[in-house]
Structures are given as structure tokens and as C-alpha cells.
Amino acid sequence: MSIDWKKYDPGECYDEIISTPGYARAAARNLTSWLRGLSEEDLQARKVDAELAIIDKGVTFTVYSDGENIDRAWPFDIIPRVIPIREWRRVEAGLKQRLQALNLFINDLYHDRKIIRDKVIPKTLIEKSKGFRKECVGITPPHKVWANICGSDLVRDNDGTIYVLEDNLRVPSGVSYMIENREVTKRVLPELFENNTILPVDDYPDRLLEMLQSISRSRRAEPEVVVLTPGIYNSAYFEHAFLARTMGAELVEGADLMVDKDDCVYMKTIQGPARVDVIYRRIDDLFLDPEVFNPDSALGVPGLMRAWRKGKVALANAPGCGVADDKVVYSYVPDIIRYYLDEDPLLPNVPTYRCNDKKQREHVMANLETMVVKPANESGGYGMLVGPQSTATEREEFRRLISRNPRNYIGQPALTLSTAPALCEGTLEPRHLDLRPFILQGRDTHVTAGGLTRVAMKRGSLVVNSSQGGGSKDTWVVDNESG
Amino acid sequence: MLSRVARRVYWMARYIERAENTARLVNTYHFLLLDLPRGTRVGWDILPVITGGYNQFSERYQRHDERNTVKFLLADSNNPSSLINSIAFARENCRTSREVLPGHAWEQLNELKLYADAHITDALPRRGRFEILTEIIHRCQQLTGLLAGTMTHDHGYDFIRIGRNLERSDMSTRVVDVGALSLQGADDSSGLDVHVWTSMLKALNAYQMYRKDVQIGVHCSDVVSFLLQNDYYPRSVAHCLDQVEECLGDLPLHKDTLAPLREVRRRVNRLKPGKLNANSLHAEVDRLQVGFSDIHKKIRETWFD
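In order, the protein sequence lines correspond to chains A and B. Using this note's numbering, read the first sequence as starting at 17 and increasing by one per residue. Using this note's numbering, read the second sequence as starting at 389 and increasing by one per residue.
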């Protein structure tokens with residue numbers, strides 16, 4: 017028996033592939049008709065192939081459980097998610113606009129603070145931000161860009177609108193899985209690549225290297241770029257090793273680097289100390305330099321901040337850029353774009369209520385059952401209240417948390433995330449998903465073609481995190497317009 | 389190449405070799421003791437003496453019998469050079485330098501650790517010991533072969549060979565030391581020495597190769613010469629040192645490291661096994677081991693620190 021698309025019903029949700037039961041969206045038609053030609057057994061066999069490919073290639077993520085770190089095979093659903101190129105071009109322009117504005121904003125905060133003097137955003141917001149680093153005041157990184165690598169989470173609501181849910185500016189991860197997902201799909205569904213024009217994604221390591229070299233301060237023709245990892249116990253270690261390998265850069269730990277009397281950074285090699293020009297750091301700000309931040313940090317490099325401040329080494333992302341990775345700052349991004357670029361935002365924010373404003377707080381408190389409440393500074397979905405799925409006790413708890421520290425909370429109406437078909441026990445069923453594209457900014461700005469699609473593999477669930485039963489999909493930006 | 393990565397692959401190779409050698413030593417010693425006449429003074433506690441852990445052993449164990457010695461050497465997690473610790477350290481060094489090693493090396497080493505952890509207590513009583521230790525030896529050899537056959541022979545591989553050969557030459561001198569200590573004060577006419585030296589050759593898998601090389605019987609001076617001075621036998625000290633010298637020459641900044649190596653190599657050449665008795669042989673072996681440690685120190689200073 018083969019797939020009957022008429023039986024696939026996404027219900028109220030916006031589905032990325034099917035518009036109404038039996039009818040595929042234009043860019044997905046090649047995909048759905050090809051899938052219809054496959055038997056259930058064939059589809060199942062390809063799923064098994066994909067699982068084997070992932071094990072063979074050693075694509076893993078690390079979870080911490082029972083006091084031990086375990087490498088698990090990366091969860092992957094073989095049915096790709098399709099985005100038409102015209103829509104993608106609009107999203108791409110919106111993401112570039114957003115990151116450019118955010119970088120102007122961060123640079124302003126560490127210099128003249130015009131945006132505060134002009135009363136577009138309140139002063140207290142920055143002073144109480146956990147991501148603000150007074151050590152960075154007055155510094156100007158190359159091209160005035162602080163966040164060189166950004167992973168923005170996009171979601172689509174019922175009515176088809178794509179919203180930016182958050183901007184991850186600190187050490188966003190996931191891009192290696194975007195590339196590996198494509199590799200696996202090419203192995204297990206090769207026929208599909210013949211009849212579709214799918215934008216490639218495997219140029220990312222080259223783009224990343226190009227961007228990193230563009231922020232080097234040294235005059236060397238080929239600046240030495242390294243990837244700084246906290247080590248094998250970090251949950252994203254696979255990605256650190258992947259990016260270092262594909263860029264041809266050294267993967268270093270803090271102890272491999274040292275800052276000498278000349279304030280330059282060197283890595284310890286068997287040839288002796290070798291000068292380092294650019295560090296793609298995958299370590300949090302507070303662990304970067306025990307002389308300046310957390311003195312107990314064994315992950316960092318003593319003197320690194322000194323070297324950076326004197327312009328002897330470039331750090332991506334720049335320390336202190338996390339000030340813009342804050343849910344309350346997020347709510348001001350449309351204003352930030354208008355203020356610095358004098359343009360209207362191309363991509364909307366999810367409507368956001370700030371709890372430090374009395375009126376908005378009252379609105380959140382009165383509508384907890386239909387809202388999502390998030391703390392300003394957490395990432396990875398921690399400390400959140402998902403209203404529609406919450407108990408009365410949990411809502412009571414959040415009422416208390418919010419009144420105690422209103423600056424730390426925002427509320428957003430709970431969206432109904434869009435769906436796409438996923439292979440679940442032999443049949444295709446709609447599952448909710450999001451999308452994380454990656455934006456690079458150095459001398460130029462670049463956006464990945466698509467990004468990492470994460471999918472909640474449990475029916476009705478909105479939790480896409482891989483540590484909590486989430487899966488992932490290959491993401492296709494399909495050119496269905498040119499010849 | 390990063391110094392840290394060089395250090396880790398070097399130690400990985402040393403620990404794999406050490407695990408294999410410890411397994412061999414326990415395996416053969418067991419057979420030697422079976423052959424010795426009752427009442428011979430040689431005991432199990434020679435093994436902690438020659439592996440350098442005697443003080444720790446006697447502090448923690450009251451009875452110096454077979455069971456405690458074997459437990460100390462194989463399964464004691466507080467003994468830094470016990471077999472299971474060697475395997476665990478090898479695995480940890482491999483785990484943290486996976487990006488320069490062939491993928492299967494990590495998988496096999498990981499499996500070796502799982503095997504050793506699951507079976508090592510069964511290797512404590514005599515029954516089962518031989519089979520489990522032999523399996524561990526095979527797996528170590530498989531790893532060595534896998535690295536030789538699938539890893540690019542670059543600087544990383546040089547550090548692996550250096551680590552392996554230094555550890556190997558160190559163990560060969562220790563085996564000679566067991567022989568020397570076993571025969572201390574023994575009557576020459578007892579015929580004991582043939583048993584002892586045959587066992588020592590077997591501990592290094594050298595018996596057949598020795599036989600091919602030396603047609604007359606098993607004599608102390610010939611065995612010592614074979615294990616220390618033979619240019620072609622891969623576990624003899626002379627051969628191991630030549631391998632190390634070749635690798636050192638490949639590496640950048642190697643100039644200072646050659647001096648301590650050549651010094652030990654000359655000492656090996658000058659040895660006259662025929663003129664040594666048990667005591668002077670023991671002293672000679674001691675000096676060689678100090679020399680190995682000097683080579684290691686120089687390597688550490690040059691590339692790892």
C-alpha cells in the first residue's frame with residue numbers, strides 16, 4: 017500500500033507541505049507525488065537506511081543523564097520540509113536586516129548609548145541585563161559587529177505568518193546537524209534531487225571561515241582561525257569538532273592557548289607557540305578569561321580579554337554581545353530596526369508583553385492560560401510556563417515569580433506551530449516544527465539556505481528539543497520558479 | 389599539531405602497551421610458578437616490585453599471596469598502573485583526541501574497556517585467567533595493528549610509536565629484572581635458571597624467535613642479550629630505541645631529545661651479559677630505566693609542556 021495524501025489531515029494547523037487534504041503546496045508537489053509512488057515497505061526501508069547512515073557517520077548529540085554523558089544517535093525524520101524560494105528570499109532579507117540592526121544596537125550600547133538618550137528603550141533595561149559586560153564598554157570590534165554568528169528561531173502560526181521567536185546570539189548550535197541532515201537525505205532519497213532544484217547547504221563551513229577571516233586584525237594573508245571548545249563533555253562537542261574539521265581549523269581547549277607578554281594569543285603546538293588571529297569560541301562569556309570573569313574557570317584562557325581589548329585577537333562572537341540575547345530586549349527589536357535602519361521590520365516578532373510594564377503585566381497575569389511566559393535570560397526552554405498545558409498550581413507559581421521580579425519575564429500568546437508530515441510507525445502524520453536559520457555577519461552578511469528544522473515527534477507536542485524527544489528534518493529551499 | 393593532542397596520543401599508546409604487557413606478565417608468571425620446584429623462594433610479590441608499585445602494594449595488602457598480587461596488578465582501581473586503569477586511561481586519552489585518530493580506534497578501545505570491566509574479576513582465580521588475559525592481549529594487538537594500518541603516518545603516528553616503544557623497552561627490562569631477582573642467591577647447579585629464562589622469553593612472546601636466533605640452549609647471558617641487544621626482535625630494548633630514534637628525527641625541534649636516547653642506546657651496546665651476575669644485572673637494568681625516564685622527560689619538555 018502506498019501513501020494516501022487524502023488521509024493526511026493537519027486539521028486547524030498550517031501545514032508546510034499540504035494545503036488541504038489531498039492537495040500539496042506548489043513547491044512540495046514533486047515531493048508528495050514521488051512519495052506516493054513508494055510502497056510503505058520501501059519508505060520504511062529508507063528510514064532504516066537513514067538510521068544506519070547516522071550511526072555510520074557518527075552523528076551524535078550528548079545528553080547528561082544518570083551522572084554520565086551519553087552520546088546518542090541524532091534523531092532524524094526522513095521526510096524533508098519544503099520552503100518555496102520566493103518566501104525564503106523574504107525571510108532571508110528579514111534576518112539580515114534584523115542582525116544588522118542588532119549589531120548596531122550592541123555597538124551603541126557599549127559606546128554612546130544614543131538609543132537610550134533618545135528614550136527608545138529604558139536605561140534600566142540594560143543596567144539589569146545579565147548579558148551586559150561593563151568590561152566591553154568602549155571597544156569596537158572589526159566592522160563594528162559583535163554578534164558574528166546568530167541562530168534565530170522562526171515559527172509559523174495558523175494564518176501562515178512566519179514570526180521570529182528568539183535570536184540566539186551567544187553560542188548558537190545546530191548548524192552541523194543541518195549539514196548532516198542534508199547528507200543523509202542525499203543518501204537515502206537520491207532520486208528526489210534529480211527533479212528538484214534544492215539550494216545546497218554544505219557551503220556553510222566555507223562561509224563561516226570566510227567570515228571569521230574577515231574579522232582578523234592581522235595582516236597575514238591566511239589568518240590562523242581556531243575553534244575553542246569547552247571539551248568533550250559539552251553537549252555540542254560533536255558540532256565543535258565538525259566545524260573545526262570542515263573548516264580545516266584547529267579544535268582547541270582553553271589550556272591549548274596562552275596569552276604572552278606581547279598580549280598576543282598563541283596555541284601550544286609541537287612546533288612551538290603558534291600565533292592565533294581569530295577564535296571562534298564556543299564557551300560562554302563568563303568562562304572566557306579567569307582574570308576578568310569567573311576566576312574558577314578552567315575552560316578559559318587567562319589574559320584573553322586583555323588580548324581582545326588590545327585588538328590582538330578577534331573573538332566571535334564578541335564578549336558582551338549576549339546583551340541583545342534577552343527576551344525583554346527582543347520585544348524592542350522592531351523599534352531597534354526602525355531606530356538604526358529607518359526601515360520597517362521585514363519579519364514580525366511574536367506579540368510580546370513585558371512584565372515590567374504595569375499594564376502589560378496585568379494583561380499577562382489575567383491571561384496566563386493562553387500565554388507562554390518566559391524568563392528573560394534563559395535558553396533551551398528552561399523555566400518557561402506554557403499556559404494551555406499548565407496546571408493551576410504552576411500558574412500560581414508563575415504569578416508569584418512575576419510579581420517578585422517583573423523585569424525578568426515576558427508573556428506571549430501561545431502560537432499554534434505549523435506542521436509537516438513525519439514518518440510515524442509506518443504512516444505519515446502531522447507534527448509541529450520550528451526552524452533555526454543561521455546568519456553570519458563579518459564584512460558581509462550571509463544566511464543559510466533554510467536552516468535546521470526541529471520537529472516534535474510526539475503527537476500534539478510543541479517540544480522540539482532533541483533532549484526531550486524532538487527530532488529533526490532536512491530543510492529544502494526549493495527553486496520552483498526558474499526554468 | 390597541538391601539544392595536548394600529541395601528549396594524549398603518546399599516552400594512549402603507552403597505556404595500550406602497558407595493558408598488554410601487564411596481561412602477559414601475569415599470564416606467564418602463573419606458568420613459571422607451576423614449573424618451579426616446591427619450596428623455591430620466588431613468590432608472587434616480585435611482580436609489584438618490578439612494576440614499581442611495591443610500596444603501595446605492601447601498604448594496602450597484608451598477605452602477599454597470589455590472589456592479592458593478581459588483584460593488585462589487574463583489577464585494583466587504586467593502583468595507577470593496574471591493567472584496568474591502563475585500559476581506562478588509554479580510552480580516556482583516545483576519547484579526547486578522536487579527531488586525529490581513525491574512527492574505529494575509538495570504537496575498539498571503548499569495547500576493550502567494556503570487556504575488561506565486565507570480565508576482570510573472572511581473571512583473578514587461576515581458572516579463567518588465561519583465557520581472559522589472552523583475549524585482552526589480542527585486543528590490544530588488534531588496536532596496534534589498526535593504528536598501523538589505517539592511520540596516516542604523520543606526526544601523530546610518530547608520537548604513538550614513540551609511546552609504544554618506550555613502554556615496550558621499559559617492560560622488557562622489567563622482565564629481565566624478574567629473571568634476575570628470581571635467581572638471586574640461587575644455586576647455579578639447580579637448573580632453575582632454564583625454567584626462569586624460558587618463562588621470561590615467553591612473557592615477551594620471544595621464545596620461538598629466540599630459538600630461531602640462538603640454537604644452543606637457554607642461558608642467562610644469551611637471553612639477556614636477546615632481550616636487550618638484539619637489533620631485530622621488536623620487543624628488544626635495542627630495537628625499540630632505534631624505532632624511537634627514527635620517530636624523534638621526524639619531529640620538529642627534536643635536537644635536544646636525541647642526546648638522552650643515544651646515551652641509553654650506547655649503554656645497551658656496552659653491556660656484556662656474560663659478565664653479569666644477578667646483582668649486577670639488576671643494577672644495570674635500574675640504570676636503563678632511569679635512562680628511559682630521562683628520554684620521556686625530554687620529550688615532555690620539548691613537545692608537551
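Where a beta carbon is used, it is the ideal one built from N, C-alpha and C, also for glycine.
Which residues share a DSSP beta bridge with residue i?
| i | result |
| --- | --- |
| A436 of chain A | A:R447 |
| W492 of chain A | A:V98 |
| N365 of chain A | A:V180 |
| S474 of chain B | The partner list for S474 of chain B (beta bridge, DSSP) is empty, contrary to what the question assumes. |
| C166 of chain A | A:I455 |
| S18 of chain A | A:S55 |
| T285 of chain A | A:G288, B:L390 |
| R88 of chain A | A:F77 |
Express the C-alpha separation of residue j and residue i in angstroms, rounding to a whole number.
| i | j | result |
| --- | --- | --- |
| T538 of chain B | P490 of chain B | 7 Å |
| V107 of chain A | L115 of chain A | 12 Å |
| C628 of chain B | V678 of chain B | 16 Å |
| K328 of chain A | P158 of chain A | 11 Å |
| S18 of chain A | G403 of chain A | 39 Å |
| S234 of chain A | D293 of chain A | 7 Å |
| A436 of chain A | Y253 of chain A | 29 Å |
| K277 of chain A | P318 of chain A | 12 Å |
| E476 of chain A | K139 of chain A | For the record, residue 476 of chain A in the displayed sequence is Gly; it is not Glu. Distance between the alpha carbons of G476 of chain A and K139 of chain A: 41 Å. |
| V161 of chain A | M381 of chain A | 38 Å |
| I195 of chain A | T586 of chain B | 59 Å |
| A594 of chain B | P206 of chain A | 55 Å |
| C528 of chain B | I404 of chain B | 6 Å |
| A671 of chain B | R88 of chain A | 53 Å |
| I426 of chain A | I178 of chain A | 20 Å |
| D450 of chain A | V471 of chain A | 7 Å |
Taking only three categories from DSSP, how would you classify residue i?
| i | result |
| --- | --- |
| K474 of chain A | coil |
| R298 of chain A | coil |
| T461 of chain A | strand |
| V171 of chain A | strand |
| V317 of chain A | coil |
| Q229 of chain A | helix |
| M387 of chain A | strand |
| P429 of chain A | strand |
| D276 of chain A | coil |
| E210 of chain A | helix |
| R423 of chain A | helix |
| A237 of chain A | coil |
| L512 of chain B | coil |
| I137 of chain A | coil |
| E266 of chain A | strand |
| Y220 of chain A | helix |
Go ahead and label residue i buried or exposed: buried means 16 or more other beta carbons lie within 10 angstroms of its beta carbon, across all protein chains shown.
| i | result |
| --- | --- |
| L502 of chain B | exposed |
| P513 of chain B | exposed |
| S482 of chain A | buried |
| D546 of chain B | buried |
| Q287 of chain A | exposed |
| F209 of chain A | exposed |
| I604 of chain B | exposed |
| M387 of chain A | buried |
| E56 of chain A | exposed |
I want to see whether chain A comes within less than 7 Å of residue i, judged by CB atoms only; does it?
| i | result |
| --- | --- |
| M389 of chain B | yes |
| A394 of chain B | yes |
| W691 of chain B | yes |
| T484 of chain B | yes |
| P490 of chain B | no |
| E487 of chain B | yes |
| P622 of chain B | no |
| P648 of chain B | no |
Report yes or no: is there a C-beta of chain B within less than 7 Å of the C-beta of residue i?
| i | result |
| --- | --- |
| D87 of chain A | no |
| I71 of chain A | no |
| D272 of chain A | yes |
| A237 of chain A | no |
| L267 of chain A | yes |
| I178 of chain A | no |
| I248 of chain A | yes |
Just checking: is the beta-carbon of residue i within a distance shorter than 7 Å of some beta-carbon in chain E?
| i | result |
| --- | --- |
| T285 of chain A | Any reference to chain E falls outside this structure, whose protein chains are A and B. |
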